[in-house]
Amino acid sequence: MSVRRTSVRAMTTQQPGTPRKSAAPSKPAASGKSAAPSEPAASGKPAGPSKPAPGKASAPGKASAPVLGTRALNRATLERQMLLRRSSRTVPQAVTHLLGLQAQNVKPPYYALAARLDGFAPEHLSRLMADRAVARMVTLRSTLHTHTADDCLTLRPLVQPARQRELSIFRKGLVGVDLDRLAAIARELVEAAPRTMPQLREALLAEWPDADPQALGIAARCTLPLVQVTPRGLWGHSGQVALTTAERWLGRPAEPAPPMDDVVLRYLAAFGPASVKDMQTWAGLTRLREVFERLRPGLATFRDENGTELFDLPDAPRPDAAVPAPPRFLPEFDNLLLSHADRTRVVPPEHWGRSWQGSMIHPALLVDGFLAGLWKLTGDALVIEPFGTLTGGARAEVAEEGERMLAVMHPGTSYDIRFGTVRTG
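Under the UniProt record's numbering, residues 1 to 425 are what the sequence shown spells out, in order.
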């Protein structure tokens, strides 16, 4: 791969506008706090530095709690996310630790792992998907994720309450529809052969001709654990979205949902320190306070600069706030940017709303651990669009990280690296 670095005085990218409330996080209050809207690796512990931030965590169960500043939270979260230092985890270990990768589009999970893992190549994840060791299905926040087979079969039942809420939105189009019968018919259809959603809607409409076709499809998706079958999701391949059940695709029955206590601990390992609202935002669930209270005696507690109580695993890594954070190129919809109610640990207030437009969240550039720009591949160029002027040293580091990303994801292809700025207004 050859890379040519060029510069442009100002890119003509239009600044993303104000997001729709249903599609993006709310704008932070004046204080900088946003409005409310993993399992460890095989070794048993998250990898990374163990030096705590200034001040020790409160002893489990005690009320007093030290304050973690924004940079301390940033470094802790980056370390859990394998973005402060890339990890030597295998792809299955990483996907398990992260509790899945958001996957509205096909490519983001591949770029997400490229940013986080040493030695990653796209075929590593693609091969697992072809072998049905990982799969794509709707889970957290009612959005499509790539999960390991184990998590497909256990996390999906856990988020069923959110699917029921989604289904209630379409109840007017389902008058007279027996949902149990619909689920049985839909299961028989997709297990006989994978079906596209239009095919599934058409078949269900034959049973309920007076129902709303879209509502029938949503009902099937909400009542059944449907996965997208390959070739959809494979690197370098195209394919329409065709669905079957997780049980049929993975070759084993669904499993009972894990205790919510276990999932809270996994979430804290991957995204902590975090508040109750943070986890509720990540999962798309409500009423998790009682779970945290049940776990409180075994957890460390902190407060952020706004006084919000944060929970964490006592022995989880909390690097010093002064630890350098190298640049990272994240894909659109990366869970780092979507898994906390208060996202100021990654998104500075002055850049709030600049990485999304409507329902689309753009690929993000992190500099010093924080959102600092956007990026895109256009033809033969990696176009890097910082929100402001980068220092010479930061610019060189960003270009170097861009070269690495291109070498991992597109070996043998020649790209320019072009710098510009994102225009506002």
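Cβ atoms here follow ideal geometry from the backbone N, Cα and C, with glycine treated the same way.
Between which two residues does the alpha helix (DSSP H) holding Leu125 run? Within the sequence shown, numbered from 1, the residue matching residue 125 stands at position 125. First-last of the alpha helix (DSSP H) with Leu125: 122-130.
Apart from the five residues on each side of it in sequence, which residues of its chain come closer than 6 Å, Cβ to Cβ, to Leu390? Locating residue 390 in the sequence shown gives position 390, where the first residue counts as 1. Hits under 6 Å: none found.
Are the CB atoms of Leu234 and Arg132 nearer to each other than 7 Å? Locating residue 234 in the sequence shown gives position 234, counting from the first residue. Locating residue 132 in the sequence shown gives position 132, counting from the first residue. Cβ distance not < 7 Å, so Leu234 and Arg132 don't count as in contact.
How long is the line joining the alpha carbons of Arg195 and Arg232, rounded to whole angstroms? On the sequence shown, residue 195 is found 195 positions in, with the first residue counted as 1. On the sequence shown, residue 232 is found 232 positions in, with the first residue counted as 1. One C-alpha to the other measures close to 13 Å.
Between Gly176 and Arg201, is the Cβ-Cβ spacing less than 7 Å? The residue given as residue 176 occupies position 176 in the sequence shown. The residue given as residue 201 occupies position 201 in the sequence shown. Cβ distance not < 7 Å, so Gly176 and Arg201 don't count as in contact.
With DSSP collapsed to three states, give me the class of Ser26. Along the sequence shown, read from residue 1 onward, the residue named residue 26 stands at position 26. Note on Ser26: pLDDT 39, under 50, position unreliable in the model; the coordinate value appears next. Three-state result, Ser26: coil.
What's the C-alpha gap between Pro411 and Leu189? In the sequence shown, counting from the first residue as 1, residue 411 sits at position 411. In the sequence shown, counting from the first residue as 1, residue 189 sits at position 189. Approximately 41 Å between the Cα atoms of the pair.
For the beta strand (DSSP E) holding Phe370, just list the boundary residues, first then last. Locating residue 370 in the sequence shown gives position 370, counting from the first residue. From DSSP, the beta strand (DSSP E) with Phe370 extends over 370-378.
Tell me Thr245's beta-bridge partners as DSSP assigns them. Within the sequence shown, the letter at position 245 stands for residue 245. DSSP output for Thr245 lists Leu226 as bridge partner(s).
Do you know how far the Cα of Gly420 is from the Cα of Leu366? Within the sequence shown, residue 366 is the residue found at index 366, counting from 1. Within the sequence shown, residue 420 is the residue found at index 420, counting from 1. Rounded to whole angstroms, Leu366 to Gly420 spans 15 Å at the Cα level.
Residues bridged to Val367 (per DSSP): In the sequence shown, counting from the first residue as 1, residue 367 sits at position 367. Answer is Phe370, bridged to Val367.
Does the beta-carbon of Arg328 have 16 or more other beta-carbons within 10 angstroms, so that it is buried, or is it exposed? The residue given as residue 328 occupies position 328 in the sequence shown. By the 10 Å Cβ count, Arg328 comes out buried.
Express the C-alpha separation of Pro109 and Glu191 in angstroms, rounding to a whole number. Stepping through the sequence shown from its first residue, residue 191 is reached at position 191. Stepping through the sequence shown from its first residue, residue 109 is reached at position 109. Spanning the two alpha carbons is a distance of roughly 26 Å.
Other residues of its chain near Val276: CB distance less than 6 Å, five sequence neighbours each side excluded: Locating residue 276 in the sequence shown gives position 276, counting from the first residue. Excluding residues within five positions, the ones whose Cβ falls inside 6 Å are Leu288, Arg289, Phe292.
Count the other C-beta atoms from every protein chain shown that fall within 10 angstroms of the C-beta of Pro363, then say buried if there are 16 or more, exposed otherwise. Here the question's residue 363 lines up with position 363 in the sequence shown. Pro363 is buried by the Cβ-count criterion.
With distances taken from CA atoms, which of Pro122, Gln228, Ala341, Ala381 is nearest Asp304? Sequence index remark: in the sequence shown, residue 304 carries index 304 (1-based). Closest by alpha carbon: Ala341.
Who are the Cβ neighbours of His351 in its own chain at under 7 Å, not counting the five residues just before and after it? Taking the first residue of the sequence shown as position 1, residue 351 is located at position 351. If we look at His351 and ignore the five residues flanking it on each side, its Cβ neighbours are Leu371, Phe387.
To which residues of the same chain is Cys152 closer than 6 Å at the C-beta, ignoring the five residues directly before and after it? Locating residue 152 in the sequence shown gives position 152, where the first residue counts as 1. Within the same chain, Cys152 has close Cβ partners Ala135, Met137, Ala246.
Is it right to say Arg171 is buried, meaning 16 or more other beta carbons lie within 10 angstroms of its own, or is it exposed? Numbered from its first residue, the sequence shown carries residue 171 at position 171. So Arg171 counts as exposed.
Would you tell me roughly how many angstroms separate the C-alpha atoms of Val229 and Arg156, rounded to the nearest one? Here residue 229 corresponds to residue number 229 of the sequence shown, with the count starting at 1. Here residue 156 corresponds to residue number 156 of the sequence shown, with the count starting at 1. Near 16 Å, if we compare the C-alpha coordinates of Arg156 and Val229.
Lys379 to Val106 span [Cα, whole Å]: Numbered from its first residue, the sequence shown carries residue 379 at position 379. Numbered from its first residue, the sequence shown carries residue 106 at position 106. According to the sequence shown, residue 379 is Gly rather than Lys. Approximately 18 Å between the Cα atoms of the pair.
What did DSSP end up calling Pro331 once you bin it into helix, strand or coil? Walking along the sequence shown from the start, residue 331 turns up at place 331. Correct three-state label for Pro331: coil.
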